[in-house]
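Chemist:
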Amino acid sequence: MIIICLKGGLGNQLFQYAAARSLAHIHKTAVKLDTTAYYYGGPRQFELSHFNIQENIAVAAEIEKLTEARQNRLQKSFYSLLHSHSKLSPNHIRYNKPQYKADFFKLSDNIYLEGYWLSEKYFSNIKDIIRQEFTFKEKPDDKNQKLADNITAVNSVSIHIRRGDYTEDSKAVQSHGICSVQYYRDCIEYITKKVENPHFFIFSDRPEWSKDILKLSYPATYISQNFGEKDYEDMRIMSLCKHNIIANSTFSWWAAWLNSNPQKIVLAPQKWFADKKFNIDDIVPAGWIKK
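18 is the number of the first residue of the sequence shown in this note's numbering; add one for each residue after it.
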């Protein structure tokens, strides 16, 4: 049994599930979800139920068994996991750095994973399974279906502009920062040189601000119908675009990754975190273009 601690928004949940599913596949065991972080309200909610995943929710006894009474917060680093001299339980693995660790695949069965696992390298061994399980259970409503039909009929390019908590939450500002206006302008210029008659679809939590700063001279549609509990619909629609310009956001990362166009162009920010010490080479897949 592999239990994954889920936290954060939809993009983070997808990364966490995919890594745990990969390890569970290797050990031919079940992956279970610790959704405790979403029991008490807050700005985020459990959203994986919209996908065709293995939705096995871990019970308290299973969680406590692997974390040795989680209330005592006995947690250990990923590094010390692989060393027998550690005094902490080898069953609770916590790793929050963005760099990929190949030792992940040396982890045993019956563990509790806590971290973000921000690289497709953690699940590249089962990418076809992940693509299948990350299909949507529900059909889109009429409004979103009409938008999806419009997207598939043109040379569609998604642009994801995330502001919201990235500009208003002090911790998010310090850790993430935001993509510059110049980044988006450079990406748009690149696309217009590579894609004939592009039609841009802009997804943003600040649509009016985005419209003011982009000033697009190409066909553009601003999406503002899926805020809140239906944000997964934006991910679905974004993934249907033929090409993607993503933000430093796991949400648009997954939309681009789920894009099935074999000729897709994906543009990603060179700078993913405000803190320059973090290397993002493992976050942005090979074949995507960093700007």
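Virtual Cβ for every residue (Gly too), placed ideally from N, Cα, C.
The model shown is predicted, which means the values in this text are computed figures rather than measured ones.
#1: Whole angstroms are fine: how far does the CA of N108 sit from the CA of S232?
#2: Comparing C-alpha positions only, which one of A36, S234, M18 and Y57 sits nearest to K45?
#3: Please classify Y56: is it buried, with 16 or more other beta-carbons within 10 angstroms of its beta-carbon, or exposed?
#4: Using C-beta distances below 8 Å, list every residue in its chain close to F140, excluding the 5 sequence neighbours before and after it, in chain order.
#5: Residues bridged to S221 by DSSP?
#6: Pick from L135, Y129 and I128: whose alpha carbon is nearest that of A119?
#7: With DSSP run on the structure shown, which of helix, strand or coil describes G132?
#8: Would you report the Cα separation of E64 and N167, rounded to the nearest angstrom?
#9: Could you check if E137 is buried or exposed, using at least 16 other CB atoms within 10 Å of its CB as the buried criterion?
#10: Please classify S197: does DSSP put it in a helix, a strand, or coil?
#11: Please list the terminal residues of the continuous beta strand (DSSP E) segment that includes L50.
#12: Excluding the 5 residues flanking S266 on each side, which residues of the same chain have their C-beta closer than 7 Å to its C-beta?
#13: Where does the unbroken beta strand (DSSP E) through T152 begin, and where does it stop?
#14: In whole angstroms, what is the alpha-carbon distance linking D251 and K211?
#15: Between the alpha carbons of V171 and I263, how many angstroms are there, rounded?
#16: Does the distance from the C-beta atom of F268 to that of I240 stay below 8 Å?
#17: Taking Cβ positions, are K49 and N69 nearer each other than 8 Å?
#18: From F217, G59 and Y112, pick the residue whose C-alpha is nearest to that of T169; which is it?
#19: In the DSSP output, what is Y112 paired with across the bridge?
#20: So, helix, strand or coil for N296, using DSSP?
#21: When the Cα atoms are used, what is the spatial distance from D299 to A165?
#22: Using C-beta distances below 6 Å, list every residue in its chain close to I208, excluding the 5 sequence neighbours before and after it, in chain order.
#23: Going along the chain, which residues of its own chain have a beta-carbon closer than 7 Å to the beta-carbon of N142, five neighbours each way excluded?
#24: At what residues does the alpha helix (DSSP H) containing L31 begin and finish?
#25: Using 10 angstroms around the beta-carbon of W289, count the other beta-carbons present and answer buried if the total reaches 16, otherwise exposed.
#26: Where does the unbroken beta strand (DSSP E) through A264 begin, and where does it stop?
#27: Nearest to E213 by alpha carbon, out of N296, P302, P286 and H260?
#28: Any idea if W271 is buried or exposed, counting beta-carbon neighbours within 10 angstroms, 16 or more meaning buried?
#29: Assuming the contact rule is C-beta atoms closer than 8 Å, I297 and P115 should be a hit. Round their C-beta distance to whole Å, please.
Modeler: Reading it off the structure:
#1: Note on identity: in this sequence residue 232 is Lys, with Ser being the wrong assignment. One C-alpha to the other measures close to 52 Å.
#2: M18
#3: exposed
#4: A35, A36, R38, S39 and I147
#5: I178
#6: L135
#7: strand
#8: 26 Å
#9: buried
#10: coil
#11: V48 to D51
#12: G28, H177 and R179
#13: Element bounds for T152: n/a, residue is neither H nor E.
#14: 25 Å
#15: 19 Å
#16: no
#17: no
#18: F217
#19: G132
#20: coil
#21: 31 Å
#22: V174 and P215
#23: S39
#24: L27 to H44
#25: buried
#26: Careful: A264 lies outside any beta strand (DSSP E) and carries neither H nor E.
#27: H260
#28: buried
#29: 7 Å
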